[in-house]
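When we follow our numbering, the leftmost residue of the sequence shown carries the number -4, and every step to the right adds one.
Okay, structure first, notes after.
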Amino acid sequence: MPKARPPELHDDADARSLARRYPRGLRIDPHSHTWAQVLYAVSGVMWVEVGREALVVPPQRAVWLPAGTVHSIHMMSEVEMRNLYLHERNVGHLSRRSDVFEINGLLRELITSIAEHENSLARDETYLEAAYRLAMLELGHAPRSSLRIALPDASDRRLDALCRAVIDNPSIAISFEQHATSVGASVRTLARLFTRELGVGFAEWRRQVQLAVAVSGLAEGRPVSSIARSLGFQPSSFSDMFRRELGSPPTGFDPSGTLSEAASEASPEQARDKLSTDG
-4 MPKARPPELH
6 DDADARSLAR
16 RYPRGLRIDP
26 HSHTWAQVLY
36 AVSGVMWVEV
46 GREALVVPPQ
56 RAVWLPAGTV
66 HSIHMMSEVE
76 MRNLYLHERN
86 VGHLSRRSDV
96 FEINGLLREL
106 ITSIAEHENS
116 LARDETYLEA
126 AYRLAMLELG
136 HAPRSSLRIA
146 LPDASDRRLD
156 ALCRAVIDNP
166 SIAISFEQHA
176 TSVGASVRTL
186 ARLFTRELGV
196 GFAEWRRQVQ
206 LAVAVSGLAE
216 GRPVSSIARS
226 LGFQPSSFSD
236 MFRRELGSPP
246 TGFDPSGTLS
256 EAASEASPEQ
266 ARDKLSTDG
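Now the structure itself:
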């Protein structure tokens, strides 16, 4: 599995930006920065682990990471990334807790413009200072994304091994009983561990992972029917699950990371009709 080193920041400025493109499958090992960070996916999907949570970051979403937050990143697809790094004195009223935000048009243009201007020969410090300040104000009012997955703390190797196995292959074709056998624990023991450590049962937790994989596949342009079958679903059942959990059928998802208004208003029957013609 390819890996990349996190960037090193040696600048005395109050803020910095960084633009990077990463291939699918690349991992950045756990690390932290002395500066706060806005981790933004222009395109592609990132899986960001922070403490005992995985934050799923589809296109046009951003992760807010306070200074000193240990995090790792897995590129679930090819990722076009824009990062903002801010000195602690410039983060304003933003939370001291990591979060995922939806990025509107203004914030997207601000982040993109900051990266372009900062690396330009005609660097305008007055403009950059104003742009950073406005970007932080916008981020503070941005809606939060709900794609979060609880992770075990690795103190129980059986639960940790099962969760990692599901993350690698979340298909419903593999039963809870089969997973339990593979890690050497009883179903009753693992069910108790799931509820105690992760706050949800196995089926609900796996569904959260399936949604993360589905969003990644949709962002890459994979057919809904292909994603459904890879997760062990019939396309119509998968569409119903996706709509129930995220409020819109998968046919309404486009690579920009948005759910179209028309799709969000479509009935389940209309969504199934469209699935029947999907490759």
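For every residue, glycine included, the Cβ atom is placed at its ideal position computed from N, Cα and C.
Measure the alpha-carbon distance for R91 versus P61 and round it to whole angstroms.
One Cα belongs to R91, the other to P61, and the distance between them is close to 6 Å.
Counting only runs of 3+ residues fully inside the stretch 94 to 134, write out the beta strand (DSSP E) ranges in chain order.
Qualifying beta strand (DSSP E) stretches, in chain order: 94 to 97.
Could you check whether the stretch 188 to 196 touches the stretch 219 to 229, counting it as contact only if at least three pairs of C-beta atoms, one from each stretch, sit closer than 8 Å?
Judged by Cβ distances under 8 Å, the stretch 188 to 196 makes no contact with the stretch 219 to 229, as fewer than three pairs qualify.
Can you list, in chain order, the residues of its chain whose CB lies under 6 Å from that of T176, leaving out five sequence neighbours each side?
Cβ neighbours of T176 beyond the five flanking positions: none.
Taking A292 as the reference, give the member of N164, R103, T64 with the closest Cα.
Any property of residue 292 remains undetermined from this structure, which presents the chain solely from -4 to 274.
Would you be able to state if there are at least three C-beta pairs under 8 Å between the stretch 201 to 208 and the stretch 161 to 172?
Touching, yes, given that three or more Cβ pairs across the two stretches are closer than 8 Å.
What residue range does the beta strand (DSSP E) around R77 cover?
Boundaries of the beta strand (DSSP E) around R77: 74 to 81.
Test item: CB-CB of E75 and R19 under 7 Å:
At the C-beta level, E75 and R19 stay beyond 7 Å of one another.
For A57, tell me which candidate among L81, Q32, H66 has the shortest Cα-Cα distance.
Relative to A57, the option among L81, Q32, H66 whose CA is nearest is Q32.
Buried/exposed call for P25, threshold 16 Cβ in 10 Å:
The residue in question, P25, is exposed, as its Cβ has fewer than 16 Cβ neighbours within 10 Å.
Look at H174 and L157 and say whether their C-beta atoms are less than 7 Å apart.
Yes, these two residues count as a Cβ contact at 7 Å.
Can you tell me the Cα-Cα spacing of L213 and Y17, whole angstroms?
Straight through space, the alpha carbons of Y17 and L213 are spaced by roughly 18 Å.
Out of F237, A186, H69, F197, which has the shortest C-alpha to C-alpha gap to V210?
The option with the nearest alpha carbon to V210 is F237.
Pull up the distance between the alpha-carbon of V52 and that of N78, whole angstroms please.
Rounded to the nearest angstrom, the gap between the Cα atoms of V52 and N78 is 13 Å.
Looking at the structure shown, is R19 part of a helix, part of a strand, or coil, going by DSSP?
Three-state DSSP puts R19 in coil, outside helix and strand.
Selected residue, minimal CA-CA separation from F171, among E199, R139, S150
Taking only the C-alpha atoms, the option nearest F171 is E199.
Over what stretch of residues does the beta strand (DSSP E) that includes L157 continue unbroken?
No beta strand (DSSP E) contains L157, which is instead part of the alpha helix (DSSP H) from 152 to 163.
When burial is assigned at 16 or more other CB atoms within 10 Å of the CB, is S251 buried or exposed?
Caution is warranted here: a pLDDT of 48 is assigned to S251, below 50, making its placement in the model unreliable, and the coordinate value is therefore given only provisionally. It counts as exposed.
Please confirm if the stretch 180 to 187 is in contact with the stretch 35 to 54, defined as three or more CB-CB distances below 8 Å between the two stretches.
Judged by pairs of C-beta atoms under 8 Å, the stretch 180 to 187 does not touch the stretch 35 to 54, as fewer than three such pairs exist.
R56, enclosing beta strand (DSSP E) - first and last residue
Note, R56: beta strand (DSSP E), 56 to 60.
At which residues does the beta strand (DSSP E) containing S211 begin and terminate?
Here S211 belongs to no beta strand (DSSP E); instead the alpha helix (DSSP H) covers 197 to 214.
Inter-residue Cα distance where the pair is S108 and G196:
Taking the straight line joining both Cα atoms gives about 44 Å.
Straight-line Cα distance separating P230 from E113
Cα to Cα, E113 sits roughly 46 Å from P230.
Between the beta-carbon of Y127 and the beta-carbon of A10, is there less than 7 Å?
Taking 7 Å as the Cβ cut-off, Y127 and A10 qualify as a contacting pair.
8 Å Cβ shell around Y122 - same chain, five flanking residues per side excluded
If we look at Y122 and ignore the five residues flanking it on each side, its Cβ neighbours are H112.
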